[in-house]
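Encoded as structure tokens, the structure appears first; notes follow it.
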Amino acid sequence: MMGCDMRQATSLLSINTTRPGLLEITDQISAWAHAQNFRAGLLTIFCRHTSVSLLIQENAAREVRDDLETFFARIAPEDPVAYSHDDEGADDMPAHLRAALTQVQLTIPLIEGQLVLGTWQGIYLFEHRRRPHARTLALHLIGE
Amino acid sequence: MMGCDMRQATSLLSINTTRPGLLEITDQISAWAHAQNFRAGLLTIFCRHTSVSLLIQENAAREVRDDLETFFARIAPEDPVAYSHDDEGADDMPAHLRAALTQVQLTIPLIEGQLVLGTWQGIYLFEHRRRPHARTLALHLIGE
Amino acid sequence: MMGCDMRQATSLLSINTTRPGLLEITDQISAWAHAQNFRAGLLTIFCRHTSVSLLIQENAAREVRDDLETFFARIAPEDPVAYSHDDEGADDMPAHLRAALTQVQLTIPLIEGQLVLGTWQGIYLFEHRRRPHARTLALHLIGE
Numbered sequence: 489m490m491g492c493d494m495r496q497a498t499s500l501l502s503i504n505t506t507r508p509g510l511l512e513i514t515d516q517i518s519a520w521a522h523a524q525n526f527r528a529g530l531l532t533i534f535c536r537h538t539s540v541s542l543l544i545q546e547n548a549a550r551e552v553r554d555d556l557e558t559f560f561a562r563i564a565p566e567d568p569v570a571y572s573h574d575d576e577g578a579d580d581m582p583a584h585l586r587a588a589l590t591q592v593q594l595t596i597p598l599i600e601g602q603l604v605l606g607t608w609q610g611i612y613l614f615e616h617r618r619r620p621h622a623r624t625l626a627l628h629l630i631g632e
Numbered sequence: 489m490m491g492c493d494m495r496q497a498t499s500l501l502s503i504n505t506t507r508p509g510l511l512e513i514t515d516q517i518s519a520w521a522h523a524q525n526f527r528a529g530l531l532t533i534f535c536r537h538t539s540v541s542l543l544i545q546e547n548a549a550r551e552v553r554d555d556l557e558t559f560f561a562r563i564a565p566e567d568p569v570a571y572s573h574d575d576e577g578a579d580d581m582p583a584h585l586r587a588a589l590t591q592v593q594l595t596i597p598l599i600e601g602q603l604v605l606g607t608w609q610g611i612y613l614f615e616h617r618r619r620p621h622a623r624t625l626a627l628h629l630i631g632e
Numbered sequence: 489m490m491g492c493d494m495r496q497a498t499s500l501l502s503i504n505t506t507r508p509g510l511l512e513i514t515d516q517i518s519a520w521a522h523a524q525n526f527r528a529g530l531l532t533i534f535c536r537h538t539s540v541s542l543l544i545q546e547n548a549a550r551e552v553r554d555d556l557e558t559f560f561a562r563i564a565p566e567d568p569v570a571y572s573h574d575d576e577g578a579d580d581m582p583a584h585l586r587a588a589l590t591q592v593q594l595t596i597p598l599i600e601g602q603l604v605l606g607t608w609q610g611i612y613l614f615e616h617r618r619r620p621h622a623r624t625l626a627l628h629l630i631g632e
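If you read the sequences in order, they're chains F, W and V. With the numbering used here as the guide, the letters of the first sequence map in order to residues 489 to 632. With the numbering used here as the guide, the letters of the second sequence map in order to residues 489 to 632. With the numbering used here as the guide, the letters of the third sequence map in order to residues 489 to 632.
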């Protein structure tokens, strides 16, 4: 009986990025999820690109994001000789590597009508390319 | 008709960590999942923190965990000068970096009443802070 | 009422790997998902091993995969002295590290009967061991 109220909601969310780095999207994601009026459910955010990624990280101190960006630039650096794939620009292959090290998808439970994000957790789109890009996330919510 | 048995179960699981490193939580997670009596379903474990993370890894040889801990300490090291975010202690920013490189969330199918973990797979909470912490995981199971 | 059509499908997919590196499995995964005839849903792919992993990456330029493989070999290298776990071969511990840095599980929404993969996204099994291996993925689809 309970299950007879089970349903799904889906959407595509467009986000324009203007520079590389972490762009907080918690508000857009939460607003969409809460507008679907689920009491309990499972939210999935899927990034339809390979040179931008998703990350949940601390949304308090700005320095945390600076350090995260610096770290990923250091372990997956731009390098004029390291990569065989360089025809889309010097920032393209590092973008794929940084995306591989982070997330293409995040799944977050919703309990008592709220996403279970912790107090200091924000959802970020992690843009790895230098030029502005129009990005699309697929959102999926299942529950009741 | 089939879908009319579909339902959800949710819970918050508290885990106290006493030291940095990999803490196996397979038994607690499995026990909770199996107690919900689902024949088939999808289990999601969500970590509500940004300085501890989740990892599925080999649970046979202890040396694998030692090497994993050493590896993450090497690629995302404590460093008195590297980070601009240092007011929460020298182990805080490396904790965020190690969490970014691993998982904030794991989703595991349940088939024929069992989580589909492989023979050698264990679920670990990867504590990145030195001091003891009270950690909370959100658990969500959907299925029938 | 809507929810009364909600259902699940599950399967185990066997894949034989013959060499280390990225093996595209998009076609096998899509074929299975589409054969289940869901209008909307959530597909989860779970890798039941700790020395092979999952990755979504660009499936256009072959050089991207070469560079990805080279990158992971560089940051988690084979090393005759670095690891305490070496009794399963020199490629075993790097395999665990590379698996820890990538994904054990991917969850992809299905909207209007199609997986929401972006134009350039392919699903890859990332084999980290040198010898041929028989690998198993668990597939789970929930929706209607």
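Every residue, glycine too, gets a C-beta built ideally from N, C-alpha and C. Remember, it's a predicted structure, so these values are computed and weren't measured experimentally.
Problem - Chain-ordered chain F contacts of Ala523 (chain W) [CB-CB under 8 Å] - result: Near Ala523 (chain W) there are no residues of chain F at all, since even the closest Cβ is about 17 Å away, more than 8 Å.
Exercise for the section: Compare the C-beta of Arg619 (chain F) with all C-beta atoms of chain V and state if any pair is closer than 8 Å. Expected result: no
Problem - Same chain, Cβ closer than 6 Å to Ala578 (chain V), neighbours up to 5 away in sequence not counted - result: Glu566
Handout entry: Other residues of its chain near Gly491 (chain V): CB distance less than 6 Å, five sequence neighbours each side excluded
Key = Low confidence applies here, because Gly491 (chain V) scores a pLDDT of 46, under 50, leaving its location unreliable; read the following figure in that light. Around Gly491 (chain V): no qualifying Cβ.
Exercise for the section: Look at Glu600 (chain F) and Phe526 (chain F) and say whether their C-beta atoms are less than 8 Å apart. Expected result: no
Handout entry: Contact list for the segment 529–549 of chain F against chain V, Cβ threshold 7 Å
Key = Those would be Thr532, Phe534, Arg536, His537, Thr538, in chain order.
Practice task
Tell me, please, whether the segment 510–523 of chain F touches the segment 591–611 of chain F by the rule of three or more beta-carbon pairs shorter than 8 Å.
Solution key: Touching, yes, given that three or more Cβ pairs across the two stretches are closer than 8 Å.
Practice task
Flag Ala588 (chain V) as yes if its beta-carbon sits less than 8 Å from any beta-carbon of chain W, otherwise no.
Solution key: So, interface residue.
Practice task
To the nearest angstrom, report how far apart Leu542 (chain V) and Met581 (chain V) are at their CA atoms.
Solution key: So the alpha carbons of these two residues sit roughly 17 Å apart.
Handout entry: chain W contacts from the segment 507–519 of chain F (Cβ-Cβ distance under 9 Å)
Key = none
Practice task
Rounded to whole angstroms, what's the CA-CA distance from Glu557 (chain W) to Glu615 (chain W)? Just pull it up for me.
Solution key: 10 Å
Practice task
Would you check if the segment 521–537 of chain W and the segment 622–630 of chain W touch, i.e. whether three or more CB-CB distances between them fall below 8 Å?
Solution key: Taking 8 Å as the limit for Cβ pairs, the verdict is that the segment 521–537 of chain W does touch the segment 622–630 of chain W.
Handout entry: Proximity of Ala528 (chain F) and Gln593 (chain W) at Cβ, strictly below 8 Å
Key = Ala528 (chain F) is not a Cβ neighbour of Gln593 (chain W), given a cutoff of 8 Å.
Practice task
Check the Cβ of His616 (chain V) against every Cβ in chain W and list those closer than 7 Å, keeping chain order.
Solution key: None at all; the shortest Cβ gap to chain W is about 12 Å.
Exercise for the section: Only counting runs of 3 or more residues, tell me where the beta strand (DSSP E) segments fall wholly within the segment 517–587 of chain F, in order along the chain. Expected result: Runs found: 529–535, 540–546.
Exercise for the section: Grab me the residues of Arg618 (chain F)'s own chain with a C-beta within less than 7 Å of its C-beta, minus the 5 sequence neighbours each way, in chain order. Expected result: Excluding sequence neighbours, Arg618 (chain F) sits near Pro508, Asp579.
Problem - Beta-carbon contacts of Asp555 (chain F) that lie in its chain and below 8 Å, excluding the five residues immediately before and after - result: none
Handout entry: Whole-angstrom distance between Arg536 (chain W) and Thr607 (chain F), CA atom to CA atom
Key = 8 Å
Problem - Residues of its chain near Pro472 (chain W), where Cβ-Cβ distance is below 7 Å and the 5 sequence neighbours each way are ignored - result: Lying outside 489 to 632, the shown extent of chain W, residue 472 (chain W) is not represented and no answer is given.
Handout entry: Interface flag, Val569 (chain W) vs chain F, CB-CB below 8 Å
Key = Among the residues facing chain F, Val569 (chain W) is not included, as its CB has no counterpart in that chain under 8 Å away.
Practice task
Alpha carbon to alpha carbon, how far is Ala564 (chain V) from Leu585 (chain V)? Give it in angstroms, no decimals.
Solution key: So the alpha carbons of these two residues sit roughly 6 Å apart.
Problem - Beta carbon of Thr590 (chain F) nearer than 8 Å to that of Thr595 (chain W) - result: no
Exercise for the section: Please name the residue in V:Phe559, V:Phe560, V:Ser499 whose C-alpha comes closest to that of Ala523 (chain V). Expected result: V:Ser499
Problem - Interface positions of the segment 590–602 of chain V facing chain W (Cβ-Cβ less than 7 Å), listed along the chain - result: Val592, Gln593, Thr595
Practice task
Check whether the Cβ atoms of Thr505 (chain W) and Val540 (chain W) sit closer than 8 Å, and answer yes or no.
Solution key: yes
Handout entry: Of the listed residues F:Trp520, F:Ala570, F:Ile611, nearest to Ile544 (chain F) (C-alpha basis)
Key = F:Ile611
Practice task
May I have the straight-line CA-CA distance separating Ser502 (chain F) from Ala622 (chain F), to the nearest angstrom?
Solution key: 7 Å
Exercise for the section: Note the first and the last residue of the continuous beta strand (DSSP E) segment covering Gly509 (chain F). Expected result: 509–512
Handout entry: Cα-Cα separation, Ala549 (chain W) to Leu613 (chain V)
Key = So the alpha carbons of these two residues sit roughly 24 Å apart.
Practice task
Return no unless some Cβ of chain V is closer than 8 Å to the Cβ of Ile563 (chain F).
Solution key: yes
Practice task
On a CA-only basis, which of W:Ile630, W:Asp493, W:Met494, W:Gln609 is nearest Val552 (chain W)? Give me that one, please.
Solution key: Out of W:Ile630, W:Asp493, W:Met494, W:Gln609, W:Gln609 has the C-alpha closest to the C-alpha of Val552 (chain W).
Problem - Closest Cα partner of Ala587 (chain V) within the set V:Ser572, V:Phe559, V:Thr538, V:Ala570 - result: That would be V:Thr538, whose Cα lies nearest to the Cα of Ala587 (chain V).
Problem - Alpha carbon of Ala561 (chain V) to alpha carbon of Ser572 (chain F), nearest angstrom - result: 15 Å
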